[in-house]
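Before any comments, here is the structure.
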Amino acid sequence: MANELTLAWQLLSSLQGVAIIAAEANGNVSYANPYAREIFNLNLNQVAAGAGKLPKPVHQRIVAELKKSSTDFILQYAAGDALRTLKVFTSNQANDKHAAGYVLHMHDITDRVATESQLRHTEKLLRNLIDASPDVIFFKDEKNRWLEANSSSLELFQLNQQDFRHKTDMELASQTDPAFKDAFRQSKTSDDRAWHLRRAIRNEESVSLPHGGEKVLDVIKVPLFNDDGSRHGLVTLGRDITERKLAESHLRDRSAILDALISCDWLLHSADSWHNVAATVLQQLCLALRFTRATIIKNSTPINTELGKNQKTAHAKILYKWAVPGFNSTDDALEAIDFNDVRLKRWKDALQLGDPVFGDIRDLPTAERKILKQHDTQSIAIVPLFSDKVWWGNIIIERCHDLIKTTPQELGSLMAIGRSLSVAIQRESSDKQLHQAKIAFDNATEGMVIIDENARIIAINKGYTEITGYTESEVLGSIPKKLQPDEHEVWNALLNDGRWCGEVTNHRKNGEIFHKWLTISVVENQDGKTFNYVCVFSDITEIKRSQNRLNELVNHDPLTGLPNRRLLNELLEHSIKRAERDNHKIALLFIDLDRFKTVNDSLGHQVGDKLLLEASRRISLSMRDSDVVARLGGDEFVVMMDMINNSSDAAIVAKKIIHALQIEFTIDGKEIFISASIGISIFPKDCSDVESLIKAADIAMYQVKNKGKNNHCFYSDDLSKNAVERFTMESQLRRALERNQFAVYYQPQVSLISDEIIGAEALIRWNHPELGLVSPAKFIPLAEETGLIVQIGEWVLREAALQAVRWVKDGHAIQWISINVSGVQIMRSNFADTVYGVLMETDCNPSMLELEITESTVMQNTEFVIDTFNRIKQLGLRLAIDDFGTGYSSLSHLKRLPLDKIKIDQSFVRDLPGDMDDAAIANAINAMAKSLGFSVIAEGVETFAQADFLRLMGCEEAQGYLYSKPVKTNDFSILLASRKLQGKENAN
């Protein structure tokens, strides 16, 4: 037993890391093994005496734990600079619970606690590092359920800390954004592969993002196994390599673009013609830059034609194109792009400056976006092409399947290709121009000479030899005459202007003199230094001969040989200067042939020319030898009488000319009668310059015309005023129709039997806002003279037809409306066609219209009038001769005319029944008309006596102030409503 006790004490004494202490209730230590004494610094003797003392804090802590009846607890206390940790187990010294002492078994766990603390710190540090890592890191258990994931993982898949743990990939796929579904499915597949291979695997996985785009991860998966080979867990590490992949893609793209650039540039520079490789260049361009289609389009000059609204105008021409299969576009779509369209102003301005136009459909303004939509284009790049610094055309390259932005590298590549293509186009154009220039040089009919900087000939063309007779070998090295050092004028012009031209006389090889027009031009190099001169000359010998002949003809009328207006002006100007110096007079006679236009129109221009020639001869014979006769043109002649004493001298010559021209002309077997109207002006009384003198004589001549022609008249200031008034009236007359200043009045035509209104005569009135109601006697002759009567007459015809339709529709029993037709209308227009057009336009019954033409018109142009009347008669209209008895009607002509009525002129009615001559004429006209089958109407009836006489004579129709003056449409409608007119004496 003693041995065992000794052994036990030895064991307790040898314990390391375990302190054994026995203490009394008062804290006195009665036993402490060596380790306890060491760590608590206990004195062996004191312990042996039962008076050992634990450190106060230790004692207090032990007492506190014992009071809590703790059987074990952790005790920490400071041991110098270190902290010691003990695991304490307590027990009483005796089994009796009333014993006062206690025994402490304390295990020193300081090192273990320090180690565990260090492990916890390390674990926390690792967690923070993993969480802060930009890489995706997460851990799964043996069933592929997520256990831990760092922030990058949660952020990528939009997970929160609470929802992801203990869930599989497919469970997460169902609760996250649908965009991640493929990524989770891909992750599950790679997990299964790692477990199957039982080793770490590495692959790239793509993660589609909800907002568009994707991330590419370089993923490493490490499966972990327990010692027994069962699954423990799976570690996943994913590094974002999106930027790297994009950089690699860009690098590949740039490499492809560079290859395409080199290839295209080589093709364009090595090909005989850029046309041969254009399609291949477009194909390589599209494939390298991932475009859908490309087109080379050449600008074209707009065509000045009006097209329908639905037609497209080609503003350009497609030369070459290439497209990915299925994305071909119509040629019309691109050719119809109008860069002059205001919507494309930005494009045009940029392209003309050599800048590209590019963008996708989302970035462009609305107007430009609409144009892209019309061509199924998602994004576009337009690169301008230039030739000779002129905007030649464009490369249009499009993307149609997706929206990929054009990068600066791609745009730069397109511009590089555009420059290469422009160079190729320019080179081919220059080669072509050079070839054409050589052909032109060799085959030009003009003489061409190339001269070096020393003014010596180095080349000539065939034209030079053909003109001069000299061959190239005979002139090479020589200095042309005009480039000799003493030709100062030529050299000054070349130095200052770079060009000289002029007429030169020279000798051919055979000694013949010839005239040439020579141009010498300076040719400079890029530095502005002269290195060549080019001489071009044409043989103008024949031109000079022609000019000399032309100078002889230019001052004379080619038909009559008389001086023309140009020569007359010169002669008259000289005469005026001489008259001013010598103080004498000049008379100017302005001659206009009456009825010449009628002869010319009816008998033809050949007869007219012969008539003019003979008239000029008679005028010349009527003058003094010192006088000058000139032809101004047409049927106008001017006689200049120089150095006259009295104005009466001019009148004498004018009478001689009038008499000479009144004598019948026999032209081609036909007897022709004309007369002359002559106006006379006197220098210096009337005017003091050439133009005014001729104008004054012209005004005087028109006065003769207005007073019946076939006479002469001297100019006066009153005539000038009348001419101004006439000009003013003509100007206002031209605007009267468009300003609605004309009105149609109607005068009833009455049955002498029933006194009922049976018809009406339409009479035009001009209601001028300033002049008031202008008499037809004033403006109708002017309208006929100016030709305005054609439009005015057509307007009256249309208004009368429309009114006839209205009156018939209103139920009025009017039988016709009579409209006066001027001879000018018949002679100067397709009058029958005009009538037909009015009938179609107004839907008027042709029998409601009666056309009146004067007797003189019929007699002057009988055949033409008969033909026109026959066509009008076929349309169903009524025809009448107006003012019958005042002309020289031929019964044979009247018989041929398809007439319905003859109107007795008012001059034969005015003095009825008292004037026996008028009575006899009226009876004769009535009898003749009845015998020819024509009805008769008398105009100008103003008294009952006249009406009774006409009725007894057998005339059945009349019109005049006895019944009514011409009235407005509304007033005439009232007359129609009353049907009968009893008549009023002197109803004016």
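For the sequence shown, this note's numbering assigns the number 1003 to the last residue and increments by one with no breaks. Where is the CB? At the ideal position from N, CA and C, for every residue including glycine.
Between Leu627 and Thr575, the C-beta spacing is below 8 angstroms. For Thr681, the enclosing beta strand (DSSP E) begins and ends at 680–682. Bridge partners of Lys600 according to DSSP: Ile659.
In this structure the stretch 267–286 does not touch the stretch 242–252; the number of beta carbon pairs closer than 8 angstroms is below three.
In the same chain as Asn782, and ignoring 5 residues on each side of it, the C-beta atoms closer than 7 angstroms to its own belong to Gln756, Ala758, Leu788, in chain order. Per DSSP, the unbroken beta strand (DSSP E) holding Ile697 starts and ends at 690–698.
In the structure shown, Thr486 falls within a coil segment according to DSSP collapsed to helix, strand and coil. Counting the other Cβ atoms within 10 Å of the Cβ of Met744 gives 16 or more, which makes it buried. Taking the Cα of Asp457 as reference, the smallest distance to any Cα among Asn721, Leu449, Lys477, Gln441 is reached at Lys477.
Along the length of the stretch 934–973, whole beta strand (DSSP E) runs at least 3 residues long occupy 950–954, reported in chain order. Taking 8 angstroms as the cut-off, the Cβ atoms of Phe884 and Leu927 do not count as close.
A straight line joining the alpha-carbon of Glu163 with that of Phe154 spans about 5 angstroms. Arg414 sits in a strand when the DSSP states are folded into three classes. Distance from the CA atom of Asn725 to the CA atom of Ala669, rounded to whole angstroms, is 11 angstroms.
Annotated as proximal: Gln201 and Glu220, with beta-carbon spacing under 8 angstroms. Between the stretch 136–154 and the stretch 50–58 there are fewer than three inter-stretch CB-CB distances shorter than 8 angstroms, so the stretches are not counted as touching.
A straight-line Cα-Cα distance of about 18 angstroms links Thr130 and Ala94. For a cut-off of 8 angstroms, the C-beta gap from Thr534 to Cys516 is around 4 angstroms, short enough to register as a contact. Positions of the beta strand (DSSP E) runs, each at least 3 residues long and wholly inside the stretch 438–512, are given as 462–467, 472–475 in order along the chain.
Note that the stretch 298–306 touches the stretch 424–435; at least 3 beta-carbon pairs, one per stretch, sit closer than 8 angstroms. Here the stretch 449–469 makes no contact with the stretch 290–300; the two share fewer than three CB pairs at distances below 8 angstroms. Secondary structure of His74 (DSSP, three-state): helix. Straight across, the Cα-Cα distance linking Val924 with Ala792 is about 20 angstroms. Going by C-alpha positions, Leu817 is about 60 angstroms away from Gln367. Ile841 sits in a helix when the DSSP states are folded into three classes.
Comparing C-alpha distances from Ser315 to each of Arg308, Gln764, His330 shows the shortest one belongs to His330. Between Lys983 and Ser950, the CB-CB gap reaches or exceeds 8 angstroms.
For the pair Leu991 and Met931, the Cα-to-Cα distance works out to about 35 angstroms. In the three-state reduction of the DSSP assignment, Ile124 falls in the coil class.
For Glu229, the secondary structure class from DSSP, reduced to helix, strand or coil, is strand.
Spanning the alpha carbons of Ser132 and Thr125 requires a straight line of approximately 11 angstroms. Glu651 and Asp701 do not touch by the CB rule: their CB atoms are close to 19 angstroms apart, not below 8 angstroms.
With fewer than 16 other Cβ atoms from the protein chains shown falling within 10 Å of its own Cβ, Gln173 counts as exposed. The beta-carbon separation of Lys332 and Ile352, rounded to 12 angstroms, does not stay under the 8 angstroms limit for a contact. When Gly374, Asp467, Tyr335, His530 are compared, the shortest CA-CA separation from Gly408 is found for Tyr335. Note that the stretch 571–589 does not touch the stretch 667–684; fewer than 3 beta-carbon pairs, one per stretch, sit closer than 8 angstroms.
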